[in-house]
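Below: the structure, in structure tokens.
Residue numbers (our numbering): -6 to 137.
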């Protein structure tokens, strides 16, 4: 009985608890330096533990989804903070599983000609910002 719980149900419950914590706790991204740094350090622990637990079964890890949109990087998208966060998470993943493939987050609102707003940074500008900050997003991805 306990074997079934520990082998099958507990990992499922653990994933659910992690997902609930991430969705609630980590939906909001702090923007002041001290809070952001503390949040990022906590997130690194979460990523390290998650990759170590699932690296035998999971080889591809996306770093956020649509970080240029307010709904997913609240309260306001910030390419500089996202770049710092994604770079740190990529390093954590690679330290736990060097063979992992790590695409950075997909972007939304790719239309040229859009201007920045409180709700989003156009995808093309967000990507240009990341490149200008020295982040080359596809260095760890091997396309098959």
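All residues carry an ideal CB built from backbone N, CA and C; glycine is no exception.
Every value quoted in this text rests on a predicted model; they were computed, and no experiment measured them.
With DSSP collapsed to three states, give me the class of residue i.
i	result
residue 123	helix
residue 113	strand
residue 74	helix
residue 67	strand
residue 54	coil
residue 19	Reliability fails at residue 19, whose pLDDT of 41 lies under 50, so the model's placement of it is uncertain and no value is given.
Specify, as a first and last residue, the run of the alpha helix (DSSP H) that residue i falls within.
i	result
residue 90	No alpha helix (DSSP H) contains residue 90, which DSSP labels as neither H nor E.
residue 37	26 to 47
Compare the C-alpha of residue i against each of the options and name the closest.
i	options	result
residue 48	86, 126 and 96	86
residue 33	103, 83 and 128	83
residue 103	61, 124, 37 and 28	61
residue 69	128, 121 and 112	112
residue 148	37, 118 and 44	Any answer about residue 148 is impossible in this case: the structure gives the chain only from -6 up to 137.
residue 65	118, 101 and 126	101
residue 29	54, 79 and 98	79
residue 24	72, 120, 97 and 119	72
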